[in-house]
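Asks:
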Amino acid sequence: MSVINALQQRNSHSKLIQPGPDAAQLEAIVRAGLRAPDHGRLRPWHFVAVQGDRREALGELFAKALKLRNPTATDAELAKAQAAPLRAPLIVAGLVKPVEHPKVPRVEQVAAVACALHGMSLAAESQGFGAMWRTGWYAQDAIVIDGLGGVPGDEVIGFLYLGSRKGDAKPLMEPELDTYLTLY
Numbered sequence: 545m546s547v548i549n550a551l552q553q554r555n556s557h558s559k560l561i562q563p564g565p566d567a568a569q570l571e572a573i574v575r576a577g578l579r580a581p582d583h584g585r586l587r588p589w590h591f592v593a594v595q596g597d598r599r600e601a602l603g604e605l606f607a608k609a610l611k612l613r614n615p616t617a618t619d620a621e622l623a624k625a626q627a628a629p630l631r632a633p634l635i636v637a638g639l640v641k642p643v644e645h646p647k648v649p650r651v652e653q654v655a656a657v658a659c660a661l662h663g664m665s666l667a668a669e670s671q672g673f674g675a676m677w678r679t680g681w682y683a684q685d686a687i688v689i690d691g692l693g694g695v696p697g698d699e700v701i702g703f704l705y706l707g708s709r710k711g712d713a714k715p716l717m718e719p720e721l722d723t724y725l726t727l728y
């Protein structure tokens, strides 16, 4: 598949099962992400790969964060939070670790991490895996960020869920180019 076809046909896949990427495939995926545009070469990112029983630990972290955020959360809501990381065999959390720089604001550093995660999703797709990018309030939660090794000021830009596709991809409409492009 050509790069242009991969970009134009990219589609999130919500049903991801085993097998997920192995160690060599994960390395290739992360290396692709590390080639993202990065003004000043600040490398304002850190990636945490969560797999196996560590997904359960991440689910416990999500449930703990939910309970602190909402002490009246129901058992069903807590169970849903705990099960969220089990939706794929592998999750890559992409954290921005902002670097003070006079010419590169935080927003550019966030964009660099987002580009890296997008590159990783395309690299996973190129190896035959499905990908789904998730965020939600967990991405900004201090307990979750701390649990992933972050410090105050860091933020999860995305949780990239990776695995083998189960079922067909959802059909996507072809966007009308005139709606999104102005020739100036």
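Count along the sequence shown from 1, then add 544; that gives the number in this note's numbering. Heads up, the beta-carbon is just placed ideally off N, CA and C, and yes, glycines get one too.
Is MET717 buried or exposed, if buried means 16 or more other CB atoms sit within 10 Å of its CB?
Replies: Stepping through the sequence shown from its first residue, residue 717 is reached at position 173. MET717 should be labelled exposed.
Asks: With distances taken from CA atoms, which of ARG613, HIS557, HIS662 and SER546 is nearest PRO715?
Replies: The residue you call residue 715 lines up with position 171 of the sequence shown. Of the listed residues, the one whose Cα sits closest to PRO715 is HIS557.
Asks: Looking only at C-alpha atoms, which of MET676, HIS645, LYS611 and VAL547 sits nearest to LYS710?
Replies: The sequence position of residue 710 within the sequence shown is 166, counting from 1. Ranking MET676, HIS645, LYS611 and VAL547 by Cα distance to LYS710 puts MET676 first.
Asks: Using CA atoms only, rank isn't needed, just tell me which of ALA667, LEU639 and ALA593 is closest to ALA658.
Replies: For the purposes of this step, residue 658 is taken as residue 114 along the sequence shown, with counting starting at 1. For ALA658, the nearest C-alpha among the options comes from LEU639.
Asks: Say yes only if the C-beta of HIS557 is nearer than 7 Å to one or more non-hydrogen atoms of the ligand HEM, and no if none qualify.
Replies: As for the ligand HEM, it is missing from this structure, which has no ligand bound.
Asks: ALA576 and GLY663: beta carbons closer than 8 Å?
Replies: In the sequence shown, the residue the question calls residue 576 occupies position 32. In the sequence shown, the residue the question calls residue 663 occupies position 119. Taking 8 Å as the Cβ cut-off, ALA576 and GLY663 qualify as a contacting pair.
Asks: Just to confirm, are PHE591 and ALA655 a CB contact at a threshold of 8 Å?
Replies: As a first step, residue 591 is located in the sequence shown; it is residue number 47 there, counting from the start. As a first step, residue 655 is located in the sequence shown; it is residue number 111 there, counting from the start. Result no, Cβ atoms of PHE591 and ALA655 do not sit closer than 8 Å.
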